[in-house]
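Right, one structure below, let's go through it.
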RNA sequence: GGAGUCGGCCAGGCAGUCGCAGUGUGCAAGCACUGAGGAAAGUCCGGGCUCCACAGGGCAAGGUGCCAGGUAACGCCUGGGGGGCGCGAGCCCACGGAAAGUGCCACAGAAAACGAACCGCCUAAGCGCUUCGGCGCCGGUAAGGGUGAAAAGGUGCGGUAAGAGCGCACCGCGCGGGUGGCAACACACCGCGGCACGGUAAACCCCACCUGGAGCAAGACCAAAUAGGAGAGCGUUCGCGUUGCCCGCGCGGCUCUCGGGUAGGUCGCAUGAGGUGUGCGGUGACGCACAUCCCAGAUGAAUGGCUGUCCGCGACAGAACCCGGCUUAUCGGCCGGCUCCAUUU
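Numbering (our numbering), first residue to last: 3 to 121.
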């Protein structure tokens with residue numbers, strides 16, 4: 003049975019990782035809520051990085067909430083995603099959005115990026 | 001019961017499931033336990049801790065500001081004094097000095113401080129005129145009106161031409177003493193002074209007391225690349241640092257010797273001025289003794305997602321070295337003390 007855990011292995015951990023994705027991003031997808039960048043890797047698993055600014059999300063409680071919901075979406079979708087490094091950037095549109103809307107938006111992004119990587 | 005006031009507390013609960021961080025255990029898979037706040041916030045004060053400066057002095061700068069106590073310390077807290085508000089419980093106050101000096105006091109008003117006279121009141125004394133009623137001059141006055149935030153003690157009686165601390169009584173004020181209090185201060189105690197002292201010190205200033213600089217990205221250790229350091233001697237023109245400045249001091253400089261430490265990692269990093277309970281001391285803040293508990297520790301940064309269910313449908317809001325305060329944000333609810341009003345037996 004597949005596990006849906008989310009250890010350090012599946013995260014971008016330092017500035018170097020982030021810079022590489024920003025420089026070499028091979029596909030991107032965005033809407034009013036998020037911009038998602040992706041960069042294919044030689045790993046056999048996907049990894050996630052988050053950028054949630056105070057400007058986009060407001061105070062610390064809201065920013066944490068958004069990060070948590072994005073991580074949750076990634077965790078549950080990890081086995082359908084291609085082996086790439088992702089960065090999810092929150093945009094001002096995410097303010098005051100419910101979990102349902104956030105999940106719907108992210109699902110669309112995951113699908114689009116997976117299709118782009120397959121080409 | 002209604003209105004009010006003060007203090008304390010809670011901050012959705014429960015269940016299932018998938019996850020995250022730490023600790024323990026296990027060879028491992030795993031399992032067990034624990035996991036945000038009263039403000040975690042603003043970074044406004046005070047301390048611990050760390051490194052630097054630690055020779056010291058002067059000037060400057062900043063802060064605090066009734067008294068006593070508490071505390072590691074404070075700009076905090078407690079108790080007390082004084083002033084103001086409230087019927088009251090209670091609340092509010094940067095609350096030292098204005099006869100050391102300088103400055104300022106808009107508008108209005110005659111006048112805003114070495115000290116005034118616009119309207120008014122008076123015409124006793126002196127002079128002039130007179131129709132003998134008075135009128136004018138020279139003057140007196142600060143009671144009344146008016147202006148203002150503030151107008152040179154208040155009330156009453158006497159007094160007077162009208163008035164006035166001009167005199168007297170009471171109240172107030174100032175100075176000296178006495179008594180009580182650790183003190184701030186108080187006194188329906190005594191004496192002296194008719195009163196001589198407007199306000200403003202979050203204006204300069206004076207007085208008393210306090211303050212070295214930076215901050216956990218502090219700092220310590222392990223350590224790839226590249227080339228940077230450590231020790232000893234010599235020297236003090238210049239530059240840099242040392243607290244803003246002046247001294248003073250240190251480093252850079254030259255010679256010799258030694259081998260080295262950025263990315264990353266580990267520590268700092270959570271047992272503490274700690275919580276809870278009981279007893280004792282104290283009006284209280286708080287202190288002491290004993291017992292007991294271990295209560296987040298991340299580092300691209302954990303404490304969450306989904307489902308069900310219940311209720312009064314859940315505010316402000318997320319630890320980042322740690323404490324003590326202050327301030328600000330905040331849906332709703334609970335408990336207790338006290339005050340005022342109404343009412344029942």
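Glycine is no exception: its CB is placed at the ideal position from the N, C-alpha and C atoms.
- Item | Three-state secondary structure (DSSP) of residue 46 | coil
Between 35, 96, 41 and 51, which has its C-alpha nearest residue 11's C-alpha? 51
Just to confirm, are residue 90 and residue 6 a CB contact at a threshold of 7 angstroms?
no
Original post:
Once you ignore the five residues that flank residue 115 on each side, which residues in its own chain have a CB closer than 7 angstroms to its CB?
Top reply: 29, 31, 38 and 40
- Message: Rounded to the nearest angstrom, what separates residue 122 and residue 86 at their Cα positions?
- Response: Past the edges of the chain, shown from 3 to 121, lies residue 122, and the structure says nothing about it.
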